[in-house]
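Peer 1: Can you keep this structure in mind? I'll have questions shortly.
There are 2 protein chains.
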Amino acid sequence: MRRGQLPPGTPLPSSRTLARDLGVARGTVTQALDQLIAEGYLESRPRSGIRVAPHPTAPPEEAAPPPPATLPPVRGVDLRSGFPDLAAFPRREWLAATRHVMQKAPNTAFGYRERAGALELRQALAEYLGRSRGVVATPAHIIVCAGYTHALRVICQILGQHLGSPARIAFEDPTEPDYPVLAEQLGHSALRVPIDDEGLIVEELTRENAAVVTPAHQYPLGVTLSPARRVELVSWARRAGGFIVEDDYDGEFRYDRQPVGALQGMAPDRVIYAGTASKTIAPGLRLAWLVLPDCLLAPLQEATRWDESYVNVIDQLVLARLIETGEFDRHVRRCRTSYRRRRDLLGDAVTRQLPHGRLSGIAAGLHAVLRLPGDSQQEARLVTHLAERSIHVDGISSFYDRPEESPLGILIGYATPADHAYGNAVTSLISALHAHFGQAGVPKTMR
Amino acid sequence: MRRGQLPPGTPLPSSRTLARDLGVARGTVTQALDQLIAEGYLESRPRSGIRVAPHPTAPPEEAAPPPPATLPPVRGVDLRSGFPDLAAFPRREWLAATRHVMQKAPNTAFGYRERAGALELRQALAEYLGRSRGVVATPAHIIVCAGYTHALRVICQILGQHLGSPARIAFEDPTEPDYPVLAEQLGHSALRVPIDDEGLIVEELTRENAAVVTPAHQYPLGVTLSPARRVELVSWARRAGGFIVEDDYDGEFRYDRQPVGALQGMAPDRVIYAGTASKTIAPGLRLAWLVLPDCLLAPLQEATRWDESYVNVIDQLVLARLIETGEFDRHVRRCRTSYRRRRDLLGDAVTRQLPHGRLSGIAAGLHAVLRLPGDSQQEARLVTHLAERSIHVDGISSFYDRPEESPLGILIGYATPADHAYGNAVTSLISALHAHFGQAGVPKTMR
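Quick mapping for you: the protein sequence lines, in order, are chains H and S.
At position 96 of the first sequence (counting the first as 1) the number is 96 in our numbering, and the numbers step up by one without a gap.
Every position in the second sequence, counted from 1, becomes a number in our numbering once 1000 is added.
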């Protein structure tokens, strides 16, 4: 009937005949016919028996659907940035915390919950963020989100609600290019403000309503926002009535001294703080959180009034448990030690074997920037050359508003490989760079 | 410094003095000062020592933030609709599936994943939905969402993308009132189309681009969309180039005969099918899924291009595992048996003890509608009267576009209490109704 092989009006054999032909009980046939009638495929009229209903004909054959958007794991050496070491995922600890939640959570935990997220997690986060990042927050200031992309959507909703009009939102240049596009998709204007060695050049801000920054470890360049710029940025926000969005994506990982506290602590009234478990545990968790200034709490309520929470309560309670038991901190410490070792190994290799290379952004985070002689076109050739040797890195130019003006740089995500594979990954990278540039570090194409 | 007690310019004692005064090592003091310098609170100038930096003054005291949006569990008898029995949450099975995932998932599972959802879950859902709901789907047609509210947002994004303009979206009247508001918040027009005993009155549809319906068990009235209306609705969609959004929120629970298959099977090219784990397992999971027609797959890709998945991959793999092992089906069967018994008990009680009451919408789902003599004003008084006796039910009038025109009805969520509490819940409800209406079923206020 769906395919049109039994056109509307076709009479069906009696249930007695069908039962005999198919060799099944008549009750079974009757049940099946009743269901097809209820679903609208058949109709039963007095004295005319059961016929195929005048249901709509089958749709015309359409083109095959596009394949699902999959992200197959890359084969070979994966040094893409933005990943923690997924081999270090705390499987045992996650399971133990899940067991705890399944044993202890009241039944009501599994119902519709607070839109802002489970109170248990917001309490654990308020304590953790205060202790580890210097963030000033109570559970009432926190909203749990389904990853940073969702958090950025919520920020855009809140700003629109607060202003009553589209916002002008400044993004760093370079930046993750998807984020300004997302802001524009949501009706706001996205502007680009350049950064230098001290981070965002604050004096370039003019009439923006918000500035999205990565103070702890600029993404992708790895610069730390300088003390003077922090003060300048907060002053701008106070003066202009603007908001600072502090994307603290990898603030937990600082290697050579104490972590630099979050900017939020200096101006809880002007900073929207965004944190995530994507770098500390894994991106697949889709767990992030915002800490909002007092004055944005009412706009948050209003903007999300028709929503539910987007985050599974079990995951929220599991993360709360990991923080409360100290497992989260232990995991971060273990990773920090491992990543510092990896960074040092990379730094040594570059110093010893790439005399023309310069590694930057190494004080913190999960990736560094390797600058080499050349321009963005040569960068594209280099990234292709590496990919052909199954070495996967990101070029830096695509993060710039004007990619063609960027000098050659590649991002090396040194946290990405598993521990056992890391040494080999660096060796392969250096060899491939030598093959491309020559031992002297000058591209063969330039000689 | 944050509170302004040490104004900018204040000189600090030397690190030697501070160390002695505080009784700590000088290195500790130096480290702390360095950190405060890096964070912008202090500044160090040659020959003038360390001073409080000209950081922005403390914000003025603001009003206390509003309390977090919490949903405290109600005390007493909870017969609100929209909940499954949370006491039946399959804790043991969820934990076992989590253990399996933690033992078997490759490391790459925890990275950034397919925006549409983990392929493992989409495969399991395609099989499950075909088998249990007659849905025609491949994994490529499915997108996993963070609950139905998120799914509805995605639908609105897709429709906007497909049409290139705001859509006219029909909602049933009565309906869950948040959903039309959400659609309007996203820039679309939301219209209301009345329903009768056969479900949506299709001939009232005119130039709509989409119609959101609940064919299996209309929410909140509990009507099943009739065979003739199913055919009519699909014909409308084909003729008008519109889409049917099939909200199959409780389609798994049908009691007196086989479940009525999803409308989607009749017109996979015109129906956007939405399912959820909120009623089969628990709302706290925030797990839902859409099955899209071929022609909306490209708009989906486009509309979500700048997003990540919003759903934790562990939860996706756990649900896939529960479906694959048959635990999901066993759980649904257990619940179905329990809910059928509860519905029957409620039906008997109404028949025997409320001669003027009429129970409807009982063929399926997790709630029934109890009609009693009176209007919407009397309904409000009744709901208050019950709440004062700690009996929590929803009145039906707030689901209507014009609440004042609705006759008196209350929704009884018979799945909501735990099994052991259910008998008492029904007894309490009937007694409270007697207290309000008198044994004859006529409100005392009318006598």
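Virtual Cβ for every residue (Gly too), placed ideally from N, Cα, C.
(1) Using a Cβ-Cβ distance cut-off of 9 Å, determine whether S:Ala-1240 contacts chain H.
(2) Would you kindly report the start and end of the unbroken beta strand (DSSP E) that includes S:Phe-1399?
(3) Select from the region 321-332 of chain H all residues with a C-beta closer than 7 Å to any C-beta belonging to chain S, and list them in chain order.
(4) Please tell me whether S:Asn-1424 has its Cβ less than 9 Å away from any Cβ of chain H.
(5) Have a look at S:Ala-1210, S:Glu-1114, S:Trp-1306, S:Ser-1278 and flag the residue whose alpha-carbon is nearest the alpha-carbon of S:Arg-1270.
(6) Flag H:Tyr-414 as yes when its Cβ comes closer than 8 Å to any non-hydrogen atom of the ligand NAD, and as no otherwise.
(7) Give, in chain order, every residue of the region 1225-1249 of chain S whose Cβ lies closer than 7 Å to some Cβ of chain B.
(8) May I ask you to verify whether the region 361-378 of chain H touches the region 217-233 of chain H, counting CB pairs closer than 8 Å and requiring at least 3?
(9) Quick check on S:Gly-1082 - is its C-beta less than 9 Å from some C-beta in chain H?
(10) Using a Cβ-Cβ distance under 9 Å, would S:Asp-1315 count as near chain H?
(11) Nearest to S:His-1436 by alpha carbon, out of S:Arg-1341, S:Ala-1137, S:Arg-1381, S:Tyr-1041?
(12) Verify the CB distance criterion: does H:Asn-209 have a CB-CB separation below 9 Å to chain S?
(13) Name the chain H residues that come within less than 7 Å of S:Ser-1309, Cβ to Cβ?
(14) Do we get a CB-CB distance below 9 Å when we pair H:Gln-35 with the residues of chain S?
(15) Whose Cβ in chain H lies nearer than 7 Å to the Cβ of S:Gln-1185?
(16) Mind checking S:Gln-1218: buried by the 16 CB within 10 Å criterion, or exposed?
(17) Kindly say whether S:Gln-1005, judged by its beta-carbon, lies nearer than 9 Å to any beta-carbon of chain H.
(18) Tell me, please, which residues DSSP counts as bridged to S:Pro-1407.
(19) Which of the residues in the region 106-121 of chain H, read from start to end, lie with their CB under 7 Å from any CB of chain S?
(20) Residues of the region 257-290 of chain H with a CB closer than 9 Å to any CB of chain S: list them in chain order, please.
(21) In angstroms, rounded to a whole number, what distance separates the CA positions of H:Ile-169 and H:Val-212?
(22) Spell out the partners DSSP gives S:Glu-1246 in its beta bridges.
(23) Excluding the 5 residues flanking S:Phe-1110 on each side, which residues of the same chain have their C-beta closer than 7 Å to its C-beta?
(24) So that I know if they touch, is there some Cβ in chain S lying closer than 9 Å to that of H:Ser-15?
(25) So with CB distances below 9 Å, who are the chain S contacts of H:Gln-353?
(26) Please work out which residues of its chain come closer than 6 Å, Cβ to Cβ, to S:Asp-1085, disregarding the five sequence neighbours upstream and downstream, and give them in chain order.
(27) Since S:Tyr-1145 sits in a beta bridge, which residues does DSSP pair it with?
(28) Ordered along the chain, which non-local residues of its own chain (more than five positions away) have a Cβ less than 8 Å from that of S:Glu-1093?
(29) Nearest-angstrom Cα distance between H:Pro-174 and H:Ser-397?
(30) Cβ of H:Ala-274 within 9 Å of Cβ of H:Asp-248?
(31) Near H:Gly-265, which residues of its chain fall below 7 Å by C-beta distance, leaving aside the five closest residues on each side in sequence?
(32) Does any CB atom of chain S fall closer than 9 Å to the CB of H:Tyr-179?
(33) For S:Val-1260, which three-state DSSP category applies?
(34) Can you pull the chain H residues whose beta carbon is under 7 Å from the beta carbon of S:Pro-1054, in chain order?
(35) Could you pull out every residue in the same chain whose Cβ sits closer than 7 Å to the Cβ of S:Leu-1319, ignoring the five residues on either side in sequence?
(36) Please report how far the alpha carbon of H:Glu-252 lies from the alpha carbon of H:Val-245, in whole angstroms.
Peer 2: Working from what's here:
(1) False, the Cβ-Cβ gap to chain H never drops below 9 Å.
(2) Premise fails: S:Phe-1399 is in no beta strand (DSSP E) and is neither H nor E.
(3) Answer set for the region 321-332 of chain H: empty.
(4) By this cut-off, S:Asn-1424 is not an interface position.
(5) It is S:Ala-1210.
(6) Absence of the ligand NAD from the depicted structure is noted, as is the absence of any ligand whatsoever, leaving it without description.
(7) No chain B is present in this structure, whose protein chains are H and S.
(8) With a cut-off of 8 Å, the region 217-233 of chain H and the region 361-378 of chain H count as touching, because enough Cβ pairs lie within range.
(9) S:Gly-1082 counts as touching chain H.
(10) Closer than 9 Å: yes.
(11) Nearest to S:His-1436 by C-alpha distance, out of S:Arg-1341, S:Ala-1137, S:Arg-1381, S:Tyr-1041, is S:Arg-1381.
(12) No, no contact with chain S.
(13) In chain order: Arg-286.
(14) Output row for H:Gln-35: interface = yes.
(15) Neighbourhood of S:Gln-1185 in chain H, by CB distance below 7 Å: Trp-306, in chain order.
(16) So S:Gln-1218 ends up on the buried side.
(17) S:Gln-1005 does not count as touching chain H.
(18) Among the bridge pairs identified by DSSP, S:Pro-1407 is matched with S:Asp-1375.
(19) For the region 106-121 of chain H, residues whose beta-carbon sits nearer than 7 Å to a beta-carbon of chain S comprise Asn-107, Thr-108, Ala-109, Phe-110, Gly-111, Tyr-112, Arg-113, Glu-114, Arg-115, Ala-116, Leu-119.
(20) Hits within the stretch, in order: Arg-257, Gln-258, Pro-259, Val-260, Gly-261, Ala-262, Leu-263, Gly-265, Met-266, Ala-267, Pro-268, Asp-269, Arg-270, Ser-278, Ile-281, Ala-282, Pro-283, Gly-284, Leu-285, Arg-286, Leu-287.
(21) Those two C-alpha atoms are separated by around 7 Å.
(22) Residue pairing of S:Glu-1246 in beta bridges, as defined by DSSP: S:Val-1213, S:Tyr-1273.
(23) Around S:Phe-1110: Val-1313.
(24) Answer no: the Cβ-Cβ gap between H:Ser-15 and chain S never drops below 9 Å.
(25) Around H:Gln-353, no beta-carbon contact reaches into chain S at under 9 Å, the shortest distance being about 29 Å.
(26) If you ignore the 5 residues before and after S:Asp-1085, its C-beta comes within less than 6 Å of the C-beta of Ala-1415, all in its own chain and listed in chain order.
(27) Sequence check: residue 1145 of chain S is Cys here, not Tyr. Bridge partners of S:Cys-1145: S:Ala-1288.
(28) Excluding sequence neighbours, S:Glu-1093 sits near Leu-1322, Glu-1327, His-1331.
(29) Whole-angstrom Cα-Cα distance: 8 Å.
(30) Yes, Cβ-Cβ distance for H:Ala-274 and H:Asp-248 is below 9 Å.
(31) If we look at H:Gly-265 and ignore the five residues flanking it on each side, its Cβ neighbours are Gly-134, Val-135, Val-136.
(32) Answer yes: the Cβ-Cβ gap between H:Tyr-179 and chain S drops below 9 Å somewhere.
(33) It is coil, neither helix nor strand.
(34) Against chain H, a Cβ distance below 7 Å from S:Pro-1054 picks out Val-231.
(35) The beta carbon of S:Leu-1319 lies closer than 7 Å to those of Leu-1121, Ala-1277, Leu-1287 in the same chain, with the five residues before and after it left out.
(36) Rounded to the nearest whole angstrom, the C-alpha separation of H:Glu-252 and H:Val-245 is 17 Å.
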